[in-house]
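Take a look at the structure set out below.
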Amino acid sequence: MNASLANADDFHDEEIAASVLRLHETQQRLQELAGGEVDAVLLPGGQSFLLHAAQEKLRQGEAIQRGMAEMQIAILNALPAHIALLDAQGVILSVNDAWRRFATANVLQGPEFGVGQNYLEVCTRAQGDCSEEAEDAARGIRRVLRGEAKEFTLEYPCHSPADKRWFRLMVTPLQEGQLSGVVVMHVNVSERKLAEEALRESEERFRGTFEQAAVGIAHFSTEGRFLRVNDKLCAIFGYDREELLELTSADLTVPEDRAACEEARLAMVAGKLASYDTEKRYLRKSGEVVWTHLVINLQRAAVGEPRYFISVFDDITARKQVEEALQNSERQQRELAAQLEAERARLVAAQAVAKVGSWEMDFATSTLTWSEETYRIFGTTPERFPHTHAGFLELVHPEDREAVDDALIQSLSGRGPFAIEHRLLSPDGRVTFVEERWDVLSDARGGSKRAIGTCQDITERKLVEERRRGQEEAERANRAKSEFLSRMSHELRTPLHAILGFAQLLEVDDRNDEDKESVAQIMRAGGHLLGLINEVLDIARVESGKLALTPEPVSVRETLEETLSLVKVQAADCGVRIEPLRGDLDCQVLANAQRFKQVVLNLLSNAVKFNQQGGSVTVACQKIADYLRIAVADTGRGIPAESMGKLFAPFERLDVGDAAIEGTGLGLSLSKHLVEAMGGRIGVESELGKGSTFWIELPLNQGTRATTPTGLIPDAPIPSVAEAPRSTVPRTLLYIEDNLSNLRLVERILARRPEVTLLSALQGRLGLDLARGHLPDLILLDLQLPDLRGDEVLRQLRADPATADIPVVMISADATTGQIERLRAAGANEYLTKPINIRSFLAIVDAALPRTAAPPS
Amino acid sequence: MSKPPLFKFRLYVAGDGPHSTQARANLTALCRELLPERHEIEVVDVLRDPQRALTDGVMLTPLLVKLSPAPIRKITGSLSQREPLLQALGLPA
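The structure is reproduced here in structure tokens:
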């Protein structure tokens with residue numbers, strides 16, 4: 016061919032061109048004949064002609080097929096599996112790269128990597144560890160080759176010295192239905208095998224851990240049912256495994272804990288609680304409580320769906336019991352401490368109230384321990400105080416230190432008195448009185464001692480004692496003063512009675528004017544002196560409590576009118592107008608009539624005395640609740656506020672710059688005493704330049720008691736001397752009196768009654784003898800006699816039938832209303848006060864002696 | 005009613021020639037549509053098995069031979085025209 020082509024040159028060209036043209040025409044014609052849809056034409060002689068388009072297509076298809084085959088081989092080579100193709104007899108036809116690599120390292124060595132060898136024979140020849148598996152493999156391959164099995168797989172270990180390896184042998188027929196061979200494939204499954212191995216080991220480990228654990232472990236369903244439990248858990252709960260698996264967690268839970276557990280379970284399922292770690296009680300099968308430390312975790316599937324709870328229970332019952340015991344003991348200690356604290360607080364409070372501090376001295380350490388109150392009493396603080404005996408002595412009053420120290424030292428040797436009162440002197444000079452009491456205690460060995468004591472602040476008591484002593488002293492002095500005044504008044508009054516008595520005689524007798532004036536002066540001065548003495552006596556009596564004023568209903572209008580009439584002359588002398596009485600006059604007050612009048616008179620007299628020319632005095636009465644206020648208002652100068660306090664003090668005459676005004680300076684003081692003794696009050700209101708208003712308030716008489724007449728001797732009308740009817744019948748009068756000047760005075764007075772014979776006795780007994788011997792018509796009896804008291808003489812007179820009917824007139828310088836009553840009850844007919852008023856005396860004598868002559872007995 | 009007849013076809017093709025490929029596809033589609041479960045198709049590649057073509061007297065490919073039911077029919081072409089094909093095979097339109 017090559018030669019012919021080389022020699023073809025031009026002479027064939029035309030022929031070639033014509034042939035090609037014919038070929039194209041023929042092809043065209045064939046296409047037309049075959050209807051345009053034909054790829055090839057076949058002749059019965061065996062010739063065939065593939066049309067141009069089909070030829071092109073075929074060429075393309077072959078190229079694609081070649082490419083695909085190459086790709087398939089590349090894929091096979093890329094696979095990690097070792098792949099070999101065996102023919103029907105088991106001879107290796109082809110292998111992939113992985114097979115070749117493996118063969119290089121392993122058994123099927125040789126230039127062709129086993130291609131051409133019979134694989135079945137290779138397997139049958141195999142020796143060593145894997146010989147059994149190799150024979151199994153050969154048997155399997157044969158079965159597939161014979162069509163007895165559609166496939167065969169076998170996993171076998173094939174460990175190299177370096178690695179543990181497993182392979183999976185897969186045998187598949189090469190072409191279904193035709194026994195033309197098999198594909199043998201070895202896949203390395205070491206990784207999976209190792210993973211499985213690891214998993215198995217892990218599971219074994221887990222199982223071992225689960226079963227051998229020293230704690231109880233359980234898996235619960237999400238509903239709380241036990242899924243798996245270990246032996247330890249069975250032991251903790253006291254149930255068999257089978258029993259336990261029938262139960263739920265709630266069955267074992269103490270009823271009061273169930274709600275909380277249910278809540279925790281739901282929270283975990285809902286994902287709100289990651290894990291649950293608590294200490295929880297469970298009920299054992301026996302009913303005992305077992306305490307566990309419980310940790311629960313929720314196991315979830317990969318997608319997060321809850322699967323089951325893993326719970327670990329640690330039996331902590333023993334620990335709990337210890338804890339509980341500890342807690343109980345701690346609580347007891349706390350309670351004890353609280354009690355102690357409360358006790359201490361009570362003690363502190365009690366000490367503060369009683370002002371009693373306590374202390375303790377430890378002689379071994381020379382330490383002094385004080386209570387709070389002790390610090391307060393000593394006026395120091397725990398910070399400042401050195402807590403030593405010396406420090407204590409520093410605070411003791413310097414004058415008492417030695418005594419206190421001595422007492423303490425003495426007590427150490429067991430000698431009393433274990434108590435001392437002493438003073439403390441604080442740095443600021445304050446003195447505190449304390450009373451210390453203590454006891455000395457020995458310890459068990461009788462060795463070092465300590466002292467426990469109390470220290471009471473007795474300053475208050477001391478002050479009260481001092482005050483009471485002062486008061487007692489003052490009262491004693493006051494009583495002594497009153498007594499002195501009383502005695503002196505008596506001594507003064509006796510001669511005064513004589514002066515006034517004889518002055519009266521002079522006054523009665525007719526004298527010239529000069530003499531009368533002298534007598535009047537004597538009488539006035541004597542009267543003033545007598546008033547002074549009487550008031551001093553009254554005050555002394557009131558202050559000594561000897562003045563008993565029995566209250567009785569007294570008519571206010573009568574008393575006031577009477578007293579007003581007494582000051583009328585004085586008022587007129589001073590140029591002072593007395594205004595008419597005003598207010599609630601028609602009522603009664605409860606008072607002593609005589610003293611009431613005395614007080615009103617004093618106020619009225621003051622109002623007149625301390626008034627001014629042309630001034631006025633107003634008396635007004637006003638009921639205030641149960642009291643009647645009687646106010647006496649003047650139009651004087653008024654009293655300065657600073658002097659008000661002194662108004663009612665004895666002997667205080669306000670320095671009003673008018674020394675000429677008469678007065679004892681005792682009037683207001685006595686009035687105050689008297690009003691208060693009658694259960695009333697006295698007071699004053701004053702305005703400088705306008706006048707003063709003195710008032711008294713006395714209790715109103717609410718009852719209907721009859722009024723006591725204000726007169727001292729009501730049944731004794733006092734006739735004037737001149738009017739007295741004269742009797743000429745001889746009479747005998749006995750005067751029992753120890754005072755000679757009084758005797759002389761009566762003697763002189765009776766000289767004006769010549770028909771009266773006067774007998775006198777200086778002693779009571781003599782008086783009684785005379786009375787019995789002479790049976791006089793009238794007996795005058797003094798109360799104070801040297802041998803017998805006047806009332807005793809009276810009693811004996813009345814006791815003797817001979818003298819029982821003789822009228823007796825008692826005479827005394829000062830007799831209280833009560834005394835007068837008693838004397839009247841004892842048989843006295845009349846009562847006369849000293850100094851004797853001649854007119855009153857004569858009136859009584861005349862009244863007592865029968866006016867007409869009586870037949871001599 | 006008697007069991008519907010089984011259609012047996014033999015298709016002669018020239019490898020993967022364009023018309024042959026089309027004819028194979030058209031025939032398969034038609035059978036699946038109209039004769040499901042009751043057809044058999046034998047494909048004979050005349051390029052691979054020229055002797056068979058000679059034996060069967062095939063002149064042009066692609067050629068479809070309906071072997072049964074009788075009568076035997078031969079159709080040349082890519083089988084792309086549906087109406088004439090159905091007529092030729094005795095199938096309802």
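The listed protein sequences correspond, in order, to chains A and P. Every position in the first sequence, counted from 1, becomes a number in my numbering once 15 is added. Every position in the second sequence, counted from 1, becomes a number in my numbering once 4 is added. The beta-carbon is built from N, C-alpha and C at its ideal position, and this holds for glycine as well.
Restricted to the stretch 34-92 of chain P, the beta strand (DSSP E) segments that are unbroken, complete and at least 3 residues in length are 43-49, 67-72 and 77-80, listed in chain order. Taking every protein chain shown into account, the CB of Asp530 of chain A has fewer than 16 other CB atoms within 10 angstroms, so this residue is exposed. According to the DSSP assignment, Lys72 of chain A belongs to the alpha helix (DSSP H) that extends over His67 to Ala93. Gly546 of chain A has its alpha-carbon roughly 24 Å from the corresponding atom of Ile593 of chain A. For Asp53 of chain P, the nearest beta carbon of chain A is not closer than 7 Å to its own beta carbon. Close to Ala29 of chain P, with beta-carbon spacing below 9 Å, lies no residue of chain A; the smallest spacing is near 13 Å.
Contact annotation: Leu552 of chain A and Ser504 of chain A have beta-carbon atoms nearer than 7 Å. The beta carbons of Ser775 of chain A and Leu758 of chain A sit closer together than 7 Å. For His23 of chain P, the closest Cβ of chain A is nearer than 7 Å. If you check each beta-carbon in the stretch 60-72 of chain P against every beta-carbon of chain A, the ones closer than 8 Å belong to Gly61, Val62, Met63, Leu64, Thr65 and Pro66.
A straight line joining the alpha-carbon of Gln778 of chain A with that of Glu573 of chain A spans about 42 Å. Under the three-pair Cβ rule at 8 Å, the stretch 55-73 of chain P counts as touching the stretch 9-27 of chain P.
For Pro413 of chain A, DSSP records no beta bridge to any residue. The DSSP assignment places complete alpha helix (DSSP H) segments of no fewer than 4 residues inside the stretch 131-194 of chain A at 134-140 and 146-160, in order along the chain. Only residues of its own chain outside the window of five on either side were considered, and among them Phe433, Ala466 and Gly468 have a CB closer than 6 Å to the CB of Trp453 of chain A, listed in chain order. Between Ala18 of chain P and chain A, the shortest Cβ-Cβ separation is below 7 Å. Around the beta carbon of Leu857 of chain A, 16 or more other beta carbons lie within 10 angstroms, which makes this residue buried. With contact defined as three or more Cβ pairs closer than 8 Å, the stretch 69-80 of chain A and the stretch 33-46 of chain P are not in contact.
Separation of Ala265 of chain A and Phe324 of chain A (C-alpha to C-alpha, rounded to the nearest whole angstrom) is 14 Å. Apart from the 5 residues on each side of it in sequence, Phe117 of chain A sits with its Cβ closer than 6 Å to the Cβ of His97 in its chain, given in chain order. Considered as a whole, the stretch 771-797 of chain A harbours 771-776 and 793-797 as its complete beta strand (DSSP E) runs of no fewer than 3 residues, in chain order.
For Glu271 of chain A, no beta strand (DSSP E) encloses it, and the DSSP letter there is neither H nor E. Cβ neighbours of Glu388 of chain A within its own chain (closer than 6 Å, five residues either side excluded): Gln366, Ala367 and Gly372. Using a CB distance below 7 Å, the part of the stretch 25-55 of chain A facing chain P consists of Ala49, Gly50, Glu52, Val53, Asp54 and Ala55, ordered along the chain. Contact residues of the stretch 69-97 of chain A toward chain P are Ala69, Lys72, Leu73 and Gly76 (C-beta to C-beta distance below 8 Å). Looking at the backbone, the Cα of His404 of chain A and that of Leu410 of chain A are separated by about 10 Å. Per the DSSP secondary-structure output, Asn312 of chain A pairs in a beta bridge with A:Ser290 and A:Ile325. For the stretch 74-93 of chain P, the beta-carbon criterion of a distance under 7 Å to any beta-carbon of chain A is satisfied by Thr80, Gly81 and Ser82. Note on geometry: alpha-carbon atoms of Gly590 of chain A and Lys687 of chain A lie some 28 Å from one another. Residue contact with chain A for Val50 of chain P: present (Cβ-Cβ distance below 7 Å to some residue of chain A). Put simply, the CB of Ala57 of chain P is near chain A, with a gap under 7 Å to one of its CB atoms.
Rounded to the nearest angstrom, the gap between the Cα atoms of Ile835 of chain A and Val449 of chain A is 56 Å. Residue-level contact check: Leu260 of chain A does not touch chain P, since none of the beta carbons of chain P fall below 7 Å from its beta carbon.
Fewer than three pairs of CB atoms, one per stretch, sit closer than 8 Å, so the stretch 392-403 of chain A makes no contact with the stretch 481-493 of chain A. Taking the CA atoms as reference points, Thr395 of chain A sits about 18 Å from Ile473 of chain A.
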